[in-house]
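Colleague: Take the sequence shown: its position 220, counting from 1, is numbered 220 in the UniProt record's numbering, and each next residue is one higher. All residues carry an ideal CB built from backbone N, CA and C; glycine is no exception. Note that the coordinates shown come from a computational prediction; the quantities given were computed from them, not determined experimentally.
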Amino acid sequence: MKVGPGENLLSTAKINDIKTWLSSAITDQETCLEGLIEMNSTLVDEVKTAMKNSTEFTIEKDQLWYLVIEEKFGPSPSTWFPSSVGSTHGHSCWKTIVDQIRRGLHRYSITINSGDKISFWFDLWCSPQPLKSIAPSLFRISSLKFGCIQDFIPTNPTDTGWLLTFNRDIRNSEIQQLTSLLATIGDRPPIRNTESDSRSWSHTKQGVFTVKSAYDALQTSNQAFFPTKLIWNPKIPFRINFFCWLVSLHKILTLDNLQKRGHSLANACVLCLKQAESPHHILLHCPFTRHIWNQILPQFGWCWVCPPSVLLLAQSWSSKGFTKIGKIIWQFVPAALFTSIWDERNRRAFNNKLKDVHCLTNEIKTLIHFWVSSHYNNLKFPLQDFIFNWDSLFL
1 MKVGPGENLL
11 STAKINDIKT
21 WLSSAITDQE
31 TCLEGLIEMN
41 STLVDEVKTA
51 MKNSTEFTIE
61 KDQLWYLVIE
71 EKFGPSPSTW
81 FPSSVGSTHG
91 HSCWKTIVDQ
101 IRRGLHRYSI
111 TINSGDKISF
121 WFDLWCSPQP
131 LKSIAPSLFR
141 ISSLKFGCIQ
151 DFIPTNPTDT
161 GWLLTFNRDI
171 RNSEIQQLTS
181 LLATIGDRPP
191 IRNTESDSRS
201 WSHTKQGVFT
211 VKSAYDALQT
221 SNQAFFPTKL
231 IWNPKIPFRI
241 NFFCWLVSLH
251 KILTLDNLQK
261 RGHSLANACV
271 LCLKQAESPH
281 HILLHCPFTR
291 HIWNQILPQF
301 GWCWVCPPSV
311 LLLAQSWSSK
321 GFTKIGKIIW
331 QFVPAALFTS
341 IWDERNRRAF
351 NNKLKDVHCL
361 TNEIKTLIHF
371 WVSSHYNNLK
381 FPLQDFIFNW
391 DSLFL
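1. Which residues in the same chain as Trp232 place their Cβ atom closer than 6 Å to its Cβ, once the five residues preceding and following it in sequence are excluded?
2. With DSSP collapsed to three states, give me the class of Phe243.
3. Among Asn389, Ser278, Thr79, which has the Cα closest to the Cα of Lys251?
4. Identify the residues that DSSP records as bridge partners of Arg199: which are they?
5. Are Ser340 and Glu363 closer than 9 Å when you measure CB to CB?
6. Find the nearest neighbour of Ala349 within the set Ala266, Ile101, Phe238, judged by alpha-carbon distance.
7. Within the same chain, show all residues whose beta-carbon is closer than 8 Å to that of Thr165, passing over the 5 residues directly before and after it, in chain order.
8. Could you pull out every residue in the same chain whose Cβ sits closer than 6 Å to the Cβ of Cys286, ignoring the five residues on either side in sequence?
9. State buried or exposed for Leu138, treating a residue as buried only when at least 16 other CB atoms are found within 10 Å of its CB.
10. Under 8 Å: do the segment 100-110 and the segment 148-162 share three or more Cβ pairs, one atom per stretch?
11. In the DSSP assignment, the alpha helix (DSSP H) including Glu93 goes from what residue to what residue?
12. Is Cys359 near the ligand NAD, with its Cβ less than 8 Å from a heavy atom?
13. If we call anything under 9 Å between Cβ atoms a contact, is Asp99 one with Gln150?
14. Would Ile292 pass as a contact of Leu360 if the rule is Cβ separation under 9 Å?
15. Among residues of its own chain, excluding the 5 on either side of Val305, which ones have a beta-carbon nearer than 7 Å to its beta-carbon?
16. What's the call for Ser76, buried or exposed, on a 16-neighbour Cβ count within 10 Å?
17. Quick one, which of Leu124, Thr179, Ser248 has its alpha-carbon nearest Arg102's?
18. What do you reckon, are the CB atoms on Thr204 and Ser213 nearer than 9 Å?
Below is the structure:
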């Protein structure tokens, strides 16, 4: 950092520059490098190299947080990435972090140099999926399941092929997997050198991960459209919006989700007593629920096919062809129906009380009328029109 004539080495302005740089270093490595360049620092190349060849998971293996993770979930066979968490289904901070990391593995590229840090079977060094998934039978009988690439390359320079060792002879049924394995890794191992293996992020020029580049990559990827306007409708109470969001993610506490969390429960839908309970069944496919849907959906010229999931229902929810009041009502229908059916499910499960289809249908229409009246004061429709002339509101 240059100091002008007559200036202090650590003036107030330069201390503020250092604070800004430290904040950038923690949150965005690209901004960190740009800040060093602006301050005319001589450490740009050194910092860039250090950032490119290090991440918290690969360099902090002696830190307490890593030792706790390793003790609880077991060591990872990969130097670069944590292994999947195979514990009981449920909420776990580390499990969520690992799932998100593994969803982005294809966005990294691994450069083979010495070959002593790259797992032969677990890392994505030659294909979009690990070799243990390409040849699972060969992985099970491999004598070096956790070996690095260096362990599979002969030390004798005259041997030009791979050194694949197994605990038994390969059977005829496994020859096809061996062929697929060799077609993936090639006939000859890569030429090694004395440099350390490296990993780079494919969405920045420097090969360094940044939150901004990850966000931009996710924004431009071809992911399914999420119906935000329908799920997070500001005209509906937040409590119900949150419930609808959980429903779309298949996260409400139905019996199937409780079983996944380790609870020993008999699974039967409390509304129909015929099939197993799940979010999609109880809110879409249950015979009791289908009767309610048939009462709510307009009857004029409709041919409606029930989608397989709540998310697909929300993605295809359209008010095309309805009247003005019909379009307004239509945005409230899923939330009102879902919350009423869920309340009925809990009423039967915990209070041993029930309501029939006709009563629940009127309850849903009354709730929709309340939401419409609360947010659209210029629309004056009496409650009896919602109850007795429901279809006419959409014509």
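Modeller: For this structure:
1. In the sequence shown, counting from the first residue as 1, residue 232 sits at position 232. Counting only Cβ-Cβ distances below 6 Å, and skipping sequence neighbours, we find Asn241.
2. Taking the first residue of the sequence shown as position 1, residue 243 is located at position 243. Helix.
3. Taking the first residue of the sequence shown as position 1, residue 251 is located at position 251. It is Ser278 whose Cα lies nearest to the Cα of Lys251.
4. Working through the sequence shown from its first residue, we reach residue 199 at position 199. Paired residue(s): Ile110.
5. The count along the sequence shown starts at 1 and reaches residue 340 at position 340. The count along the sequence shown starts at 1 and reaches residue 363 at position 363. Contact flag set, yes.
6. Taking the first residue of the sequence shown as 1, we reach residue 349 at position 349. Here the closest residue by C-alpha is Ala266.
7. Residue numbering aside, residue 165 sits at position 165 when the sequence shown is read from its first letter. Only Ser142, Ser143, Leu144 meet the Cβ criterion.
8. For the purposes of this step, residue 286 is identified with residue 286 of the sequence shown, where counting begins at 1. For Cys286, where only same-chain residues beyond five positions count, the Cβ hits under 6 Å are Cys269, Leu271, Cys272.
9. On the sequence shown, residue 138 is found 138 positions in, with the first residue counted as 1. Its Cβ being crowded by 16 or more others within 10 Å, Leu138 is buried.
10. no
11. Mapped onto the sequence shown, residue 93 falls at position 93. In the sequence as presented, Glu is not what sits at residue 93; that position holds Cys. Note, Cys93: alpha helix (DSSP H), 93-103.
12. In the structure shown, the ligand NAD is absent, as is every other ligand, since no ligand is present at all.
13. Within the sequence shown, the letter at position 99 stands for residue 99. Within the sequence shown, the letter at position 150 stands for residue 150. Result no, Cβ atoms of Asp99 and Gln150 do not sit closer than 9 Å.
14. One-based indexing of the sequence shown puts residue 292 at position 292. One-based indexing of the sequence shown puts residue 360 at position 360. Yes, the Cβ-Cβ distance between Ile292 and Leu360 is below 9 Å.
15. The count along the sequence shown starts at 1 and reaches residue 305 at position 305. None.
16. Numbered from 1 along the sequence shown, position 76 holds the residue referred to as residue 76. So Ser76 counts as buried.
17. In the sequence shown, residue 102 corresponds to position 102, counting from 1. Cα-wise, what sits closest to Arg102 is Leu124.
18. Position 204 of the sequence shown, counting from 1, holds the residue named residue 204. Position 213 of the sequence shown, counting from 1, holds the residue named residue 213. Yes, the Cβ-Cβ distance between Thr204 and Ser213 is below 9 Å.
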